[in-house]
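Each protein sequence line maps, in turn, to chains D and G.
Residue 110 in the numbering used here sits at position 94 of the first sequence, with consecutive numbering throughout.
Residue 572 in the numbering used here sits at position 206 of the second sequence, with consecutive numbering throughout.
Heads up, the thing below is written out as structure tokens.
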Amino acid sequence: MSEPAALAVEEVVAGYGGVLALQSVSLTVRPATITAVLGANGAGKTTLLRAISGVIRPRRGRVLVGGQNVTGRSAEDMARSGVAHVPEGQGVIAELTVQENLRLGAFWRPGRVTRARALAEAYQRFPVLAGARNRAAGTLSGGERQMLVIARALMARPRVLLLDEPSLGLAPKIVSQVMELTAGLRETGLTVLLVEQNARSALSIADQGIVLNLGKVVVAADAVTLAADVGLRKHYLGF
Amino acid sequence: MEEFGQLTLGGISVGMIYAAIALSLVLIWRATRILNYAQGGMAMFTTYVALLVIKHTGSYWAGFAVALAAGLVLGAVIERLVIRPVESKPPLNAIIVTIGLLVFLEGLAGIIYGGQFRSFPAAFSIDGLHIGSAALGISANDVFVALAVLAAALLLAAGFRYTSAGLQMRAAAFSPPVARLLGVRVGRMLTLGWALAGLIGALAGVLVSPSTFLYPNSMDSIFVLGFTAAVIGGLDSPVGAVAGGLILGVALSYVGGYLGSGLVNLFGLAALTLVLMVRPSGLFSPAATRQV
Numbered sequence: 017m018s019e020p021a022a023l024a025v026e027e028v029v030a031g032y033g034g035v036l037a038l039q040s041v042s043l044t045v046r047p048a049t050i051t052a053v054l055g056a057n058g059a060g061k062t063t064l065l066r067a068i069s070g071v072i073r074p075r076r077g078r079v080l081v082g083g084q085n086v087t088g089r090s091a092e093d094m095a096r097s098g099v100a101h102v103p104e105g106q107g108v109i110a111e112l113t114v115q116e117n118l119r120l121g122a123f124w125r126p127g128r129v130t131r132a133r134a135l136a137e138a139y140q141r142f143p144v145l146a147g148a149r150n151r152a153a154g155t156l157s158g159g160e161r162q163m164l165v166i167a168r169a170l171m172a173r174p175r176v177l178l179l180d181e182p183s184l185g186l187a188p189k190i191v192s193q194v195m196e197l198t199a200g201l202r203e204t205g206l207t208v209l210l211v212e213q214n215a216r217s218a219l220s221i222a223d224q225g226i227v228l229n230l231g232k233v234v235v236a237a238d239a240v241t242l243a244a245d246v247g248l249r250k251h252y253l254g255f
Numbered sequence: 367m368e369e370f371g372q373l374t375l376g377g378i379s380v381g382m383i384y385a386a387i388a389l390s391l392v393l394i395w396r397a398t399r400i401l402n403y404a405q406g407g408m409a410m411f412t413t414y415v416a417l418l419v420i421k422h423t424g425s426y427w428a429g430f431a432v433a434l435a436a437g438l439v440l441g442a443v444i445e446r447l448v449i450r451p452v453e454s455k456p457p458l459n460a461i462i463v464t465i466g467l468l469v470f471l472e473g474l475a476g477i478i479y480g481g482q483f484r485s486f487p488a489a490f491s492i493d494g495l496h497i498g499s500a501a502l503g504i505s506a507n508d509v510f511v512a513l514a515v516l517a518a519a520l521l522l523a524a525g526f527r528y529t530s531a532g533l534q535m536r537a538a539a540f541s542p543p544v545a546r547l548l549g550v551r552v553g554r555m556l557t558l559g560w561a562l563a564g565l566i567g568a569l570a571g572v573l574v575s576p577s578t579f580l581y582p583n584s585m586d587s588i589f590v591l592g593f594t595a596a597v598i599g600g601l602d603s604p605v606g607a608v609a610g611g612l613i614l615g616v617a618l619s620y621v622g623g624y625l626g627s628g629l630v631n632l633f634g635l636a637a638l639t640l641v642l643m644v645r646p647s648g649l650f651s652p653a654a655t656r657q658v
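Written as structure tokens, this is what we have:
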């Protein structure tokens, strides 16, 4: 355990106004692994991602990326320090073209050549986006939009990818494509935190998982153990 | 026929000034969803600054440049100090703040410069141009006015489309939360939007003042017509703003020429009312209107 965790969340408390959506959540993620964050609606999954990516400021606790304390940094700064957050639902900017969406993923990276190479890589990995590069992102199908937001996040060459409900509203066939894609990202050294309602799909590709309930971690274990726990599945995971 | 041509050309020249005001309103609307009622007041103020510089240096172009720079700074400062605190509040707060700002700027101009009408120099000759013996109904200065606004609009369009800052500004306007997650400094983009609006407004002030005189309320009616042009164009579209300015300018020129110049402002307000009633999203916005 001498290698620093890719991502560590230490006793983070966060919420909105008077409501504490997260009550002392801790989590350690090894590099190049996928961690599924599971739980019912309102369990605090999205809040956890927001507290990590700086969209909301943790009231207590610390967030560390690669061993470095990044607690309290703004979302803008977090995006530039290697944490890419793909929010739930409408993550594409519909009015901009596919290419403009992609360019936004890396506009702050130094070097015109670096940015051009990132764009070329994105099109190579997602040929469907290359064909649609000059179309408004709003005209894409649900599956293509999900590809676009993931491709855009990768433009920043992040170390940690926070994915919020990538399967939401997608056909089962597309869901398995997205999961396959996410699993493939791990092979490139990326660390993924995957928030999902669809626990079965998420656990099928995850290395480990945590289950949140009412803002607290109920269980943290490796994915195989979680998927095999009948009581847990019945109570919290719904499959 | 000659009169029709004269009225059309004159309308285009005046319309480009409405277009400039409309453009500045659209820039702010897109960035912050605020209608800046102080836009005319800001333009009036920077035009006084231009007049001061012209008096001291004797150079029109020095005044012209200083006015644009002053507009840029004024826009940025106002966004940071006055608008930033109300950006996340209900829209009414921002409306009241910008109206208050208008009253403040006009009052301040009255205190500093006095209320009398001052003449403001034109960049070029205001003698009517002729082709052969046919009068065109416009002057060299009118041509300059139209070209200056056109150049500003094209530069702005190119900047939005081809530069990184332009892309960031559009992202910040369309979807602030997503832009933030991608690393866009949304606050800075809003300031930049106001600054550019201040610059375009200052341009309109300098261009229109030779024909209106300069006094603390001198931009009020221009503002209303610029606002009408922006509404015709849909408030969200820079191209629509320029088109709206041209349509309004030419239409009001016909009204003034054929029906009487006293009816121009009346028809301008009628056009505003009509567009708001019949097509509130403007003539140039896509059929599916966006929730604002």
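C-beta atoms are modelled at their ideal positions from N, C-alpha and C, and glycine is treated no differently.
Query	Result
D/L80: first and last residue of the uninterrupted beta strand (DSSP E) it sits in	R76 to V81
Residue-level contact to chain G via CB, D/P103, 8 Å cutoff	yes
For D/L118, the nearest candidate out of D/G127, D/G98 and D/F142 (CA to CA)	D/F142
Spatial neighbours of D/S217 in its chain, beta-carbon cut-off 8 Å, leaving aside the 5 residues before and after	S183, V191, S192 and M195
The alpha helix (DSSP H) enclosing D/K61, as first and last residue numbers	K61 to S69
8 Å Cβ cutoff met for G/P542 and G/E472	no
Chain D contact residues for G/Q534, given Cβ-Cβ distances below 8 Å	L120 and F123
Inter-residue spacing [alpha-carbon to alpha-carbon] between D/A132 and D/V176	22 Å
G/G424 versus G/A563, G/L562, G/A488 and G/I477, residue with shortest Cα-Cα distance	G/A488
Cutoff 8 Å: D/L7 Cβ touching any chain G Cβ	With chain D covering only 17 through 255, there is no way to say anything about residue 7 of chain D.
Whole-Å CB distance - G/A595 paired with G/G571, under 8 Å assumed	That belief does not hold up - the Cβ atoms of G/A595 and G/G571 are roughly 16 Å apart, past 8 Å.
Limits of the unbroken beta strand (DSSP E) element including D/S42	V35 to V45
Rounded straight-line distance, which links the Cα of G/G622 to that of G/I504	15 Å
Three-state class that DSSP yields for D/A172 in the structure shown	coil
Proximal chain G residues relative to D/A95, where beta-carbon distance stays under 7 Å	L547, L548 and G549
G/A475 versus G/L418: straight-line alpha-carbon distance, rounded	12 Å
Any chain D beta carbon closer than 8 Å to G/F540	yes
Amino acids of chain G, ordered along the chain, whose beta-carbon sits closer than 7 Å to that of D/I109	A537, F540, S541 and V544
Top-ranked residue by Cα proximity to D/I68, from D/P47, D/A48 and D/E26	D/E26
C-alpha distance - G/V608 paired with D/G82, whole-angstrom precision	51 Å
Given D/R125 as reference, the closest of D/D93, D/D223 and D/V114 once Cα atoms are compared	D/D93
Best match in G/W427, G/T413, G/Q534 and G/L548 for proximity to G/L397 [C-alpha to C-alpha]	For clarity, residue 397 of chain G is Ala in the given sequence; the question names Leu instead. Measuring from the Cα of G/A397, the nearest candidate turns out to be G/Q534.
Proximity winner among G/V574, G/I387 and G/L618, relative to G/Y414 (alpha-carbon distances)	G/V574
Cβ contact check for the segment 59-78 of chain D and the segment 19-36 of chain D: 3 or more pairs under 8 Å	yes
Simplified DSSP assignment, three categories, for G/Q657	Here G/Q657 scores only 42 on pLDDT, less than 50, and its place in the model is too uncertain to base an answer on.
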